[in-house]
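Asks:
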DNA sequence: ATAACAATTCTATCATTCTAGAAACGTAGA
DNA sequence: TCTACGTTTCTAGAATGATAGAATTGTTAT
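Residue numbers (this note's numbering), protein chains in the order written: chain G, 1 to 117; chain S, 1001 to 1117.
The following block contains the structure:
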């Protein structure tokens, strides 16, 4: 994952409402939730909600699909996976740093455990 | 790690200059670097640099210590560690999500591998 | 087509963040 | 103490982000 993309993802998550939206969607599982339900659960007016969903969409953290009259938003778990990879690779080791999942050699970079498969 | 703190850390890292500063510090190791050197390496005027360092400091991502005329800033790796933990616990699993380091039961929450020791 | 509902864009307003010059502060050597 | 050097605070302007009402677009059923 490139640094520029990482910043997009970090920015998207660095906001109370958006982090709450994302966590709610993760909790709901891959099905996701329609916009109205998200707004109801979090108490957000639809204009505000739409604004934040667009941000999450642009950052690649969620996907949307139409189903009847509803538009379902679902989380993209692999985006978090990649963010964690970036942080582990760029912000932990480097010159003797000690972090997360035992750096084997320099980490095979994106073997992708789970997700996406 | 509480959600509010997580947002602080995410916000701090979600900015090009600050992410660059942090990565540079990680690369330099626990000794850190004096402000002037950081500014020189990244081409940032000192007022701007100070502003960003303060942000990183408030988010708990760096520490500072005076050494003679210089003030050294060093990375707090454990902050990343905790961020990764938060993301893994709150933004991955939940209802069948698939992510990072194989969730045993619900993850012993902060056993802290490496770092801080 | 019309009505009812879901969601997004338009628009304006308010708040925060970024940038950087200039001034002030702190530290150390002469 | 004076001077030099490193860093921070002050300040203000520009840019970006957040909020939400109102209007609009899209979807389905009648």
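Built from N, CA and C at the ideal position, the CB exists for glycine as well.
Who are the near neighbours of residue 1086 (chain S) in its chain, counting only those whose CB is closer than 7 Å to its CB and skipping five residues on each side?
Replies: Position 86 of the second chain holds residue 1086 (chain S). These residues qualify, in order along the chain: 1001, 1006.
Asks: Starting from the Cα of residue 76 (chain G), find the closest Cα among G:3, G:9, G:91 and give me that residue.
Replies: Start at 1 with the first residue of the first chain, and residue 76 (chain G) comes out as number 76. For the residues G:3, G:9, G:91, the minimum Cα distance to residue 76 (chain G) belongs to G:9.
Asks: CA-CA distance, residue 49 (chain G) and residue 11 (chain G)?
Replies: Residue mapping note: residue 49 (chain G) aligns to position 49 of the first chain, counting from 1. Residue mapping note: residue 11 (chain G) aligns to position 11 of the first chain, counting from 1. Using only the alpha carbons, I get a separation of about 16 Å.
Asks: Considering only residues of the same chain and omitting the five flanking positions on each side of residue 39 (chain G), which have a CB-CB separation below 8 Å?
Replies: Against the first chain, residue 39 (chain G) aligns to sequence position 39. Closer than 8 Å at Cβ, skipping near neighbours: 45, 46, 49.
Asks: Chain G beta carbons: is any one of them nearer than 7 Å to that of residue 1011 (chain S)?
Replies: Locating residue 1011 (chain S) in the second chain gives position 11, where the first residue counts as 1. Yes, contact with chain G.
Asks: Compare the C-beta of residue 77 (chain G) against all C-beta atoms of chain S and say whether one is closer than 7 Å.
Replies: Here residue 77 (chain G) refers to the residue found at position 77 of the first chain. Yes, contact with chain S.
Asks: With DSSP run on the structure shown, which of helix, strand or coil describes residue 59 (chain G)?
Replies: Residue mapping note: residue 59 (chain G) aligns to position 59 of the first chain, counting from 1. Residue 59 (chain G) falls in the coil class under three-state DSSP.
Asks: What is the DSSP secondary structure of residue 1044 (chain S), counted as helix, strand or coil?
Replies: By 1-based counting over the second chain, the position of residue 1044 (chain S) is 44. Note: residue 1044 (chain S) maps to coil in three-state DSSP.
Asks: Run through the DSSP bridge pairs and tell me what residue 1064 (chain S) is partnered with.
Replies: What you label residue 1064 (chain S) is simply residue 64 of the second chain in a count that begins at 1. S:1073.
Asks: Evaluate the contact criterion for the stretch 24 to 39 of chain G versus the stretch 1023 to 1035 of chain S: three or more CB pairs, one atom per stretch, below 8 Å.
Replies: Under the 8 Å Cβ criterion, the stretch 24 to 39 of chain G does not count as touching the stretch 1023 to 1035 of chain S, having fewer than three qualifying pairs.
Asks: Please list, in chain order, all residues of the same chain as residue 79 (chain G) whose beta carbon is under 8 Å from its beta carbon, the five residues on each side excluded.
Replies: Here residue 79 (chain G) corresponds to residue number 79 of the first chain, with the count starting at 1. Same-chain partners within the cutoff: 9, 59, 60, 61.
Asks: Quick check: is the beta carbon of residue 1069 (chain S) nearer than 7 Å to any beta carbon in chain G?
Replies: Taking the first residue of the second chain as position 1, residue 1069 (chain S) is located at position 69. Closer than 7 Å: no.
Asks: Report yes if the CB atom of residue 1018 (chain S) is closer than 7 Å to the CB atom of residue 1057 (chain S), and no otherwise.
Replies: Numbered from its first residue, the second chain carries residue 1018 (chain S) at position 18. Numbered from its first residue, the second chain carries residue 1057 (chain S) at position 57. Result no, Cβ atoms of residue 1018 (chain S) and residue 1057 (chain S) do not sit closer than 7 Å.
Asks: Are the beta-carbon atoms belonging to residue 14 (chain G) and residue 1004 (chain S) less than 7 Å from one another?
Replies: Along the first chain, read from residue 1 onward, the residue named residue 14 (chain G) stands at position 14. Along the second chain, read from residue 1 onward, the residue named residue 1004 (chain S) stands at position 4. No, these two residues do not count as a Cβ contact at 7 Å.
Asks: Rounded to whole angstroms, what's the CA-CA distance from residue 41 (chain G) to residue 35 (chain G)? Just pull it up for me.
Replies: Here residue 41 (chain G) refers to the residue found at position 41 of the first chain. Here residue 35 (chain G) refers to the residue found at position 35 of the first chain. Rounded to whole angstroms, residue 41 (chain G) to residue 35 (chain G) spans 10 Å at the Cα level.
Asks: Going along chain G, which residues have a C-beta under 7 Å from residue 1014 (chain S)?
Replies: If you number the second chain from 1, residue 1014 (chain S) lands on position 14. Simply 7, 10, 11, 14.
Asks: Evaluate residue 82 (chain G) with the Cβ neighbour count: other Cβ atoms within 10 Å of its Cβ, from every protein chain shown; 16 or more gives buried, anything less gives exposed.
Replies: Position 82 of the first chain, counted from the start, is the residue given in the question as residue 82 (chain G). By the 10 Å Cβ count, residue 82 (chain G) comes out buried.
Asks: Can you pull the chain G residues whose beta carbon is under 7 Å from the beta carbon of residue 1023 (chain S), in chain order?
Replies: Here residue 1023 (chain S) refers to the residue found at position 23 of the second chain. Near residue 1023 (chain S) (Cβ distances below 7 Å), the residues of chain G are 90, 91.
Asks: Just grab the DSSP bridge partners of residue 49 (chain G) for me.
Replies: Numbered from 1 along the first chain, position 49 holds the residue referred to as residue 49 (chain G). None; residue 49 (chain G) has no bridge partner.
Asks: Since residue 1034 (chain S) sits in a beta bridge, which residues does DSSP pair it with?
Replies: Start at 1 with the first residue of the second chain, and residue 1034 (chain S) comes out as number 34. According to DSSP, residue 1034 (chain S) bridges with S:1072.
Asks: Return helix, strand or coil for residue 1039 (chain S), following the three-state DSSP convention.
Replies: Residue 1039 (chain S) sits at position 39 when you count from the first residue of the second chain. If DSSP states are grouped into helix, strand and coil, residue 1039 (chain S) belongs with the helices.
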